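K.L.:
Position one of the sequence shown corresponds to residue 424 (this note's numbering), numbered consecutively onward.
Where a beta carbon is used, it is the ideal one built from N, C-alpha and C, also for glycine.
Owing to the predicted nature of the structure, the values given are computational and were not obtained by experimental measurement.
Can you read through this structure? Questions will come right after.
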Amino acid sequence: MSYPCPASEKPVIKAGIIGDIQGLPSRNNLYMRNLGLALDLLRERQIDTILNLGDLAESAVPETYRLYWEMIEERFGKNTPDHVACEGNHDCNRPRGVSFADAFANACRGLRRPPGEMLCVNLRGYDFFAFSSADGQNYSDAGLERLDAALKESELRTAGKPIFLLTHYPPAETVAGSSGNWRNLRLVLNRHPRVISLSGHTHYPLEDERGIWQGEFTAVTCSTLAYGCLGGTPAFNVVNGILPFARECVQMLIMEVYGDRIEFRRYHVLDKREIAPERRWIVNLPFRREDSVDAARRSETRRAPEFADDARLMTRYDYGYIFVIFPRPVKGDFALLYRVEIAEKREDGSFADPVTIPYAGDFYRREKNQTDFIQLKLPGKGMKHSTWYRIRVYPVESFGKCGKPLELMEYTWPGYSFRDGTPLYPQE
């Protein structure tokens, strides 16, 4: 699933997939500026379709949607791409006194789609469904019954072709960050192996190889044009699910549909850079369960990140905390996390059970801001001065493969006053 197509081969459909913009009706709004950069890149890549997976607007304000279409038309002119969209939970945020139904209707009008939970559009022989939640948070049982029936009809009509389903929320326990909240959607899709589920909401960076999943069907996430998250992963430097320097995580997908496969190209918008072009996500057609790129098989091809042989840990004391500093791994796959283990040395020379603290890496940041050294702030609470600690740092990739650790014996400064509390990390 990692071989790019020949340059001479043209896809039947070339779609830009965006989501989670959460914009306001102003060209000076950072997230709308990010949208403009994404549209510039999509125009350069000559896409013919835009798929919007929801949360275009921070709330259902008509002016945000008008600005969205103005920005598209300014860039594409008369060659405006086909457009398919579903609403997200932020699209339906509303002031006091406005009903969900009215907010949802405003969002549908703004996205130029008819009101209602489900939309089906056929583009060049392929069915695209945009399916919305019933209340901004959940998929209704009645709506899912209609979706199930519509997918069955599409399977009869489209003669073995993939069927594309746009939802804001991902099916449960598929792509990274999907939770059990949307299990009822997953149960429906389990019956439809030809479905290509496209979803947003999680804001997970596209470097994470768990952003594509195949099991009973195929699921792919689109990341975000606003700010990156790693919710559900108990990383110490992630605050309320938001990554440090999260606003550098501005990402999207370009999907190319061919007769025998689908290729997903991942883009870092601020860098105008394709993420891991040597590892493009490729789904072979027709779908066969035995050929799927499920996590178990894909993890077998991954290599644990490894530090250089001469790499070493260093420390810095600042503001009541200890920072550990080390060079980033140079071999294997990138480090999604760094697992830090801190063990206090007892008077008899043995070590107490280590405290384990995971930290998110900086893999999602702009390349120019990814420095040669990683700096992690250890928690002040629980650490003591005039004490020996064994500190180990393990690099960990997306599927959990762990490299060899760096290790340091540290005798904390006598009299050093540790802060009593959890340090906050920059969330800009």
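Which residue spans inside the segment 467 to 493 form an unbroken beta strand (DSSP E) run of at least 3?
P.N.:
You should have 472 to 475.
K.L.:
Just verifying my parser: in three-state terms, what is the DSSP assignment at Ile444?
P.N.:
Against the sequence shown, residue 444 aligns to sequence position 21. Three-state result, Ile444: coil.
K.L.:
Keeping to the same chain, check which residues put their C-beta closer than 6 angstroms to that of Tyr426; ignore five residues upstream and five downstream.
P.N.:
Here residue 426 is taken as the residue at index 3 of the sequence shown, counted from 1. The predicted position of Tyr426 is uncertain, since its pLDDT is 46 and thus under 50; a value taken from the coordinates is nonetheless stated next. Closer than 6 angstroms at Cβ, skipping near neighbours: no residue.
K.L.:
On the criterion of 16 or more Cβ atoms from any shown chain inside 10 Å, does Arg735 qualify as buried, or is it exposed?
P.N.:
If you number the sequence shown from 1, residue 735 lands on position 312. Its Cβ having fewer than 16 others within 10 Å, Arg735 is exposed.
K.L.:
Whose C-beta lies closer than 6 angstroms to the C-beta of Glu632 among residues of the same chain, with five residues either side of it excluded?
P.N.:
Position 209 of the sequence shown holds residue 632. Hits under 6 angstroms: Ser821.
K.L.:
Taking the straight line between their C-alpha atoms, what separation do you get for Tyr742 and Trp811?
P.N.:
Position 319 of the sequence shown, counting from 1, holds the residue named residue 742. Position 388 of the sequence shown, counting from 1, holds the residue named residue 811. Computed Cα separation, rounded: 20 angstroms.
K.L.:
On the three-state DSSP scale, how would you describe Trp704?
P.N.:
Counted from its first residue, the sequence shown places residue 704 at position 281. Strand.
K.L.:
Which word fits Ala775, buried or exposed, when buried means at least 16 other C-beta atoms lie within 10 angstroms of its C-beta?
P.N.:
For the purposes of this step, residue 775 is identified with residue 352 of the sequence shown, where counting begins at 1. Exposed, since its Cβ has fewer than 16 Cβ neighbours within 10 Å.
K.L.:
Please classify Gly520 as buried or exposed, where buried requires at least 16 other C-beta atoms within 10 Å of its C-beta.
P.N.:
Reading the sequence shown from its first residue, position 97 is the one you call residue 520. Looking at its Cβ environment, which holds fewer than 16 other Cβ atoms inside 10 Å, Gly520 is exposed.
K.L.:
Does the Cβ-Cβ distance between Leu465 and Gly500 come in under 7 angstroms?
P.N.:
Position 42 of the sequence shown, counting from 1, holds the residue named residue 465. Position 77 of the sequence shown, counting from 1, holds the residue named residue 500. Contact flag unset, no.
K.L.:
Spatial neighbours of Tyr650 within its chain, please: CB distance less than 8 angstroms, with the 5 preceding and 5 following residues excluded, ordered by chain position.
P.N.:
Residue numbering aside, residue 650 sits at position 227 when the sequence shown is read from its first letter. Cβ within range, chain order: His626, Ile665, Leu666, Ala669, Arg670, Cys672.
K.L.:
Pick helix, strand or coil for Ala572, following the three-state DSSP scheme.
P.N.:
Position 149 of the sequence shown, counted from the start, is the residue given in the question as residue 572. DSSP places Ala572 in helix when its eight states are reduced to three.
K.L.:
Mind reading off the beta-carbon distance from Glu697 to Arg711? Whole number of angstroms is fine, and I expect it under 8 angstroms.
P.N.:
As a first step, residue 697 is located in the sequence shown; it is residue number 274 there, counting from the start. As a first step, residue 711 is located in the sequence shown; it is residue number 288 there, counting from the start. 28 angstroms between Cβ atoms; not a contact.
K.L.:
In three-state DSSP terms, what is Leu567?
P.N.:
For the purposes of this step, residue 567 is taken as the residue at position 144 of the sequence shown. Note: Leu567 maps to helix in three-state DSSP.
K.L.:
So, is His624 buried or exposed, given that buried needs 16 or more other C-beta atoms within 10 angstroms?
P.N.:
For the purposes of this step, residue 624 is taken as residue 201 along the sequence shown, with counting starting at 1. Buried, since its Cβ has 16 or more Cβ neighbours within 10 Å.
K.L.:
Counting pairs of Cβ atoms below 8 angstroms between the segment 560 to 580 and the segment 538 to 549, do you hit three or more?
P.N.:
Enough Cβ pairs lie closer than 8 angstroms, so yes.
K.L.:
Taking the alpha carbon of Cys645 as the reference point, which residue from Glu432, Gly442, Lys584, Ile436 has its own alpha carbon closest?
P.N.:
In the sequence shown, the residue the question calls residue 645 occupies position 222. The residue with the shortest Cα to Cα distance from Cys645 is Gly442.
K.L.:
Quick check on this structure: which residue in Asp478, Met806, Arg762 has the alpha carbon closest to the alpha carbon of Tyr592?
P.N.:
Residue numbering aside, residue 592 sits at position 169 when the sequence shown is read from its first letter. Answer by Cα proximity: Asp478.
K.L.:
What span of residues does the alpha helix (DSSP H) with Asn792 cover, start to end?
P.N.:
As a working mapping, residue 792 is identified with position 369 in the sequence shown. Note, Asn792: premise wrong, no alpha helix (DSSP H); not H, not E.
K.L.:
Which runs of the alpha helix (DSSP H) spanning at least 4 residues fall entirely within the segment 514 to 546, listed in chain order?
P.N.:
Those alpha helix (DSSP H) runs which fall completely within the segment 514 to 546 and span 4+ residues are 523 to 533.
K.L.:
Suppose only complete runs of 3+ residues qualify. What are the beta strand (DSSP E) ranges in the segment 757 to 840, listed by chain order?
P.N.:
Those beta strand (DSSP E) runs which fall completely within the segment 757 to 840 and span 3+ residues are 760 to 767, 778 to 783, 796 to 800, 811 to 819, 829 to 834.
K.L.:
Tell me, which residues are paired with His506 by DSSP?
P.N.:
By 1-based counting over the sequence shown, the position of residue 506 is 83. Its beta-bridge partners are Ile473.
K.L.:
Taking the alpha-carbon positions, what's the Tyr491 to Phe786 distance?
P.N.:
As a working mapping, residue 491 is identified with position 68 in the sequence shown. As a working mapping, residue 786 is identified with position 363 in the sequence shown. When rounded, the distance between both Cα atoms is 30 angstroms.
K.L.:
Excluding sequence positions up to five away, which residues of its chain have a Cβ less than 7 angstroms from the Cβ of Leu760?
P.N.:
Locating residue 760 in the sequence shown gives position 337, where the first residue counts as 1. Here the set comprises Ala658, Pro781, Tyr782, Ala783, Gly784, Val819.
K.L.:
Measuring straight from C-alpha to C-alpha, what distance separates Lys791 and Asp771?
P.N.:
Sequence index remark: in the sequence shown, residue 791 carries index 368 (1-based). Sequence index remark: in the sequence shown, residue 771 carries index 348 (1-based). Taking the straight line from one Cα to the other gives about 47 angstroms.
K.L.:
How would you label Asn502, buried or exposed, when you count the other beta carbons within 10 angstroms and need 16 or more for buried?
P.N.:
Within the sequence shown, the letter at position 79 stands for residue 502. Exposed, because fewer than 16 other Cβ atoms sit within 10 Å of the Cβ of Asn502.
K.L.:
Helix, strand or coil for Arg725? Go by DSSP, reduced to three states.
P.N.:
One-based indexing of the sequence shown puts residue 725 at position 302. Residue state, collapsed to three classes: coil.
K.L.:
Do you know offhand how far Phe749's Cα is from Ile797's?
P.N.:
On the sequence shown, position 326 is the one that residue 749 refers to. On the sequence shown, position 374 is the one that residue 797 refers to. So the alpha carbons of these two residues sit roughly 5 angstroms apart.
K.L.:
Would you report the Cα separation of Pro849 and Phe841, rounded to the nearest angstrom?
P.N.:
For the purposes of this step, residue 849 is identified with residue 426 of the sequence shown, where counting begins at 1. For the purposes of this step, residue 841 is identified with residue 418 of the sequence shown, where counting begins at 1. C-alpha separation (whole angstroms): 20 angstroms.
K.L.:
Suppose you measure from the CA of Ala572 to the CA of Pro777; what does that come to, to the nearest Å?
P.N.:
Position 149 of the sequence shown holds residue 572. Position 354 of the sequence shown holds residue 777. Ala572 and Pro777: Cα-Cα distance of roughly 53 angstroms.
K.L.:
Could you tell me the alpha carbon to alpha carbon distance between Phe554 and Pro752, rounded to whole angstroms?
P.N.:
Taking the sequence shown and counting its residues from 1, the one referred to as residue 554 is at position 131. Taking the sequence shown and counting its residues from 1, the one referred to as residue 752 is at position 329. Phe554 and Pro752: Cα-Cα distance of roughly 42 angstroms.
K.L.:
At a cut of 8 angstroms, does the segment 544 to 552 reach the segment 511 to 518 through at least three beta carbon pairs?
P.N.:
No contact exists between the segment 544 to 552 and the segment 511 to 518.
K.L.:
Label Gly603 either buried or exposed according to how many other C-beta atoms from any shown protein chain fall within 10 Å of its C-beta, with 16 as the threshold for buried.
P.N.:
Along the sequence shown, one-based indexing puts residue 603 at 180. Answer is exposed; the Cβ neighbour count stays below 16.
K.L.:
Could you compute how far the alpha carbon of Ile473 sits from the alpha carbon of Leu447?
P.N.:
Position 50 of the sequence shown, counted from the start, is the residue given in the question as residue 473. Position 24 of the sequence shown, counted from the start, is the residue given in the question as residue 447. If you take the alpha carbons of Ile473 and Leu447, they lie about 20 angstroms apart.
K.L.:
On the premise that Trp605 lies in contact with Pro616, defined as a C-beta separation below 8 angstroms, what is that separation, rounded to the nearest angstrom?
P.N.:
The sequence position of residue 616 within the sequence shown is 193, counting from 1. The sequence position of residue 605 within the sequence shown is 182, counting from 1. About 19 angstroms; that fails the 8 angstroms criterion.
K.L.:
Are there any heavy atoms of the ligand PLP lying less than 6 angstroms away from the beta-carbon of Asp463, as far as the coordinates show?
P.N.:
This structure simply doesn't include the ligand PLP, nor any ligand for that matter.
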